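J.: Here it is, the structure in full.
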Amino acid sequence: MLADIAGHLRCPVCRGPVRLGEGALRCERGHSFDVARQGYVSLLAGSRPPGTADTPAMVAARAAFLAAGHYAPLARALAGAVAGLLRDAPPYPLVVDAGTGTGYYLGAVLDAAPQAIGMAFDISKHAVRRAARAHERAGAFVADVWRPLPVADAVADVILNVFAPRNGPEFRRILRPGGALMVVTPAPGHLSPLVEELGLLSVDPDKDRRLAAGLEGFTLESRREVGFDLLLTREDALLVTGMGPSAWHADMSQLKERLAQYPDQLKTRANFYLSSFKAGS
Ligand SMILES: [Zn+2]
């Protein structure tokens, strides 16, 4: 699979094409990036990952939460939406997941789009190790979504962006004409009333404005709200408040103390926006 995907990659150093051979991706100028034992490739081009990259403990906790199926309705909705977008795409469409985490959502999307291939990018190598096992039709790469992406021009049929940083100019560059950018963000009421009771900040009402501002050159095509009930343990609750964009600003030890006063089955709601953007304004 990596050999097929390599055709859509670019060398992070010189931007030239790369090919898979002898356990590494190599460009014509001799820059070489080893395929790790776990199947992923680091395409960081010498830049050190920032301190904000997820730690092994954070990645493991998130993987366990997702494996328990709490966000499965979101994964299904996203997979259905992307399958719809890809219905008229050319054969073997490419889905690029920018900020993939453990690859959970990309895996669901590829399951629902049997012809598609996937590229998973994340800054955390611990996350990417798991993303490398997310789907047999996906390749996983350590890369910084804030920097130029190691992806060729106009090759992505769909870009996924699920609770992850957005790089508008790069997303425009790698998107094929007619391709779509699918963004998942928390919607008002997400984790309500839990967040209010815990004294956490709710979803920033300015978020929409900032989302539009960060996506210059894109036009919103459609927006759908996906909501469902969640039944969480205290441990889960601690985890979801630390997941996704840093919408919550809380001291974790204080939060633990407050949660200790709650029963171990907390009822709350998950609320998300699925927003589909097209390039052009
Ligand atoms: Zn190169």
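Using the numbering used here, read the sequence shown as starting at 1 and increasing by one per residue.
Yeah, the Cβ is synthetic: ideal placement off N, Cα and C, and Gly gets one too.
From a predicted model like this one, the values you see are computed outputs, not experimental measurements.
(1) List in chain order the residues whose CB is within less than 5 Å of at least one heavy atom of ligand 1.
(2) Confirm, please, whether the CB-CB distance from G80 to A112 is below 9 Å.
(3) Could you tell me whether the region 145-155 touches the region 184-198, where touching means 3 or more Cβ pairs closer than 8 Å?
(4) What does G21 pair with, by DSSP beta-bridge criteria?
(5) Name the two residues that bound the continuous beta strand (DSSP E) containing F272.
(6) To which residues does DSSP link F228 through a beta bridge?
(7) Report the CB separation of A131 from D122 in whole angstroms; it is logged as a contact under 8 Å.
(8) Any contact of the region 133-140 with the region 113-120, i.e. 3+ C-beta pairs under 8 Å?
(9) Quick check on DSSP: helix, strand or coil for I159?
(10) Taking only the alpha-carbon atoms, compute the straight-line gap between A279 and G23 and give it to the nearest angstrom.
(11) Going by CA-CA distance only, name the one from T55, A237, N167 that's closest to V96.
(12) If you follow the alpha helix (DSSP H) that G84 is part of, which residue opens it and which one closes it?
(13) Pull up the distance between the alpha-carbon of Y262 and that of L239, whole angstroms please.
(14) Count the other CB atoms within 10 Å of the CB of A89; is the residue buried (16 or more) or exposed (fewer)?
(15) Taking the alpha-carbon positions, what's the E257 to P193 distance?
(16) Give the range of the alpha helix (DSSP H) segment to which I5 is assigned.
(17) What is the rounded straight-line gap between the Cα of P12 and the Cα of Y273?
(18) If you follow the alpha helix (DSSP H) that D97 is in, where does it begin and where does it stop?
(19) Out of P93, Y40, E196, A164, state which residue places its alpha-carbon closest to the alpha-carbon of G101.
(20) Out of curiosity, what's the CA-to-CA distance linking F103 and V226?
(21) Using the rule of at least 16 other Cβ atoms within 10 Å of the residue's Cβ for burial, across every protein chain shown, is V267 buried or exposed?
(22) Let's test the definition: count the other Cβ atoms within 10 Å of the Cβ of A3 and tell me whether it reaches 16, buried, or not, exposed.
(23) Provide the residue(s) that pair with A180 in DSSP beta bridges, ordered along the chain.
T.: To lay it out plainly:
(1) One residue after another in chain order, those with a Cβ under 5 Å from a heavy atom of ligand 1 are C11, V13, C14, G16, C27, R29, H31.
(2) Taking the sequence shown and counting its residues from 1, one reaches residue 112 at position 112. Taking the sequence shown and counting its residues from 1, one reaches residue 80 at position 80. Taking a C-beta distance under 9 Å as the contact criterion, A112 and G80 qualify as a contact pair.
(3) No: fewer than three Cβ pairs fall under 8 Å.
(4) Locating residue 21 in the sequence shown gives position 21, where the first residue counts as 1. DSSP links G21 through a beta bridge to A24.
(5) Sequence index remark: in the sequence shown, residue 272 carries index 272 (1-based). Run containing F272: 266-279, per the beta strand (DSSP E) assignment.
(6) Residue mapping note: residue 228 aligns to position 228 of the sequence shown, counting from 1. For F228, which the question treats as bridged, DSSP gives the partners A270.
(7) For the purposes of this step, residue 131 is identified with residue 131 of the sequence shown, where counting begins at 1. For the purposes of this step, residue 122 is identified with residue 122 of the sequence shown, where counting begins at 1. The distance from the Cβ of A131 to that of D122 is about 6 Å, consistent with a contact at the 8 Å cut-off.
(8) As far as the Cβ criterion goes, the region 133-140 touches the region 113-120, which means the pair count is three or higher.
(9) Within the sequence shown, residue 159 is the residue found at index 159, counting from 1. I159 falls in the strand class under three-state DSSP.
(10) Taking the first residue of the sequence shown as position 1, residue 279 is located at position 279. Taking the first residue of the sequence shown as position 1, residue 23 is located at position 23. Going from the Cα of A279 to the Cα of G23 covers about 36 Å.
(11) Counting from one through the sequence shown, the residue named residue 96 turns up at place 96. Ranking T55, A237, N167 by Cα distance to V96 puts N167 first.
(12) For the purposes of this step, residue 84 is identified with residue 84 of the sequence shown, where counting begins at 1. G84 -> alpha helix (DSSP H) spans 72-85.
(13) Taking the sequence shown and counting its residues from 1, one reaches residue 262 at position 262. Taking the sequence shown and counting its residues from 1, one reaches residue 239 at position 239. Distance between the alpha carbons of Y262 and L239: 15 Å.
(14) Residue mapping note: residue 89 aligns to position 89 of the sequence shown, counting from 1. By the neighbour-count definition (other C-beta atoms within 10 Å, threshold 16), A89 is a buried residue.
(15) Numbered from 1 along the sequence shown, position 257 holds the residue referred to as residue 257. Numbered from 1 along the sequence shown, position 193 holds the residue referred to as residue 193. It is roughly 18 Å from the alpha-carbon of E257 to the alpha-carbon of P193.
(16) The count along the sequence shown starts at 1 and reaches residue 5 at position 5. Per DSSP, I5 is one residue of the alpha helix (DSSP H) stretching across 2-6.
(17) Within the sequence shown, the letter at position 12 stands for residue 12. Within the sequence shown, the letter at position 273 stands for residue 273. If you take the alpha carbons of P12 and Y273, they lie about 32 Å apart.
(18) The sequence position of residue 97 within the sequence shown is 97, counting from 1. Note, D97: premise wrong, no alpha helix (DSSP H); beta strand (DSSP E) at 94-98.
(19) As a position in the sequence shown, residue 101 is number 101, starting the count at 1. Checked all of P93, Y40, E196, A164; the closest Cα to G101 is A164.
(20) For the purposes of this step, residue 103 is taken as residue 103 along the sequence shown, with counting starting at 1. For the purposes of this step, residue 226 is taken as residue 226 along the sequence shown, with counting starting at 1. In the sequence under discussion, the amino acid at residue 103 is Gly, which differs from the Phe named in the question. Put simply, the backbone Cα of G103 is about 20 Å away from that of V226.
(21) For this step, residue 267 is matched to residue 267 along the sequence shown. It is Lys, not Val, that sits at residue 267 in the sequence shown. It counts as exposed.
(22) Walking along the sequence shown from the start, residue 3 turns up at place 3. It counts as exposed.
(23) Here residue 180 refers to the residue found at position 180 of the sequence shown. BP columns for A180 point to V158, K278.
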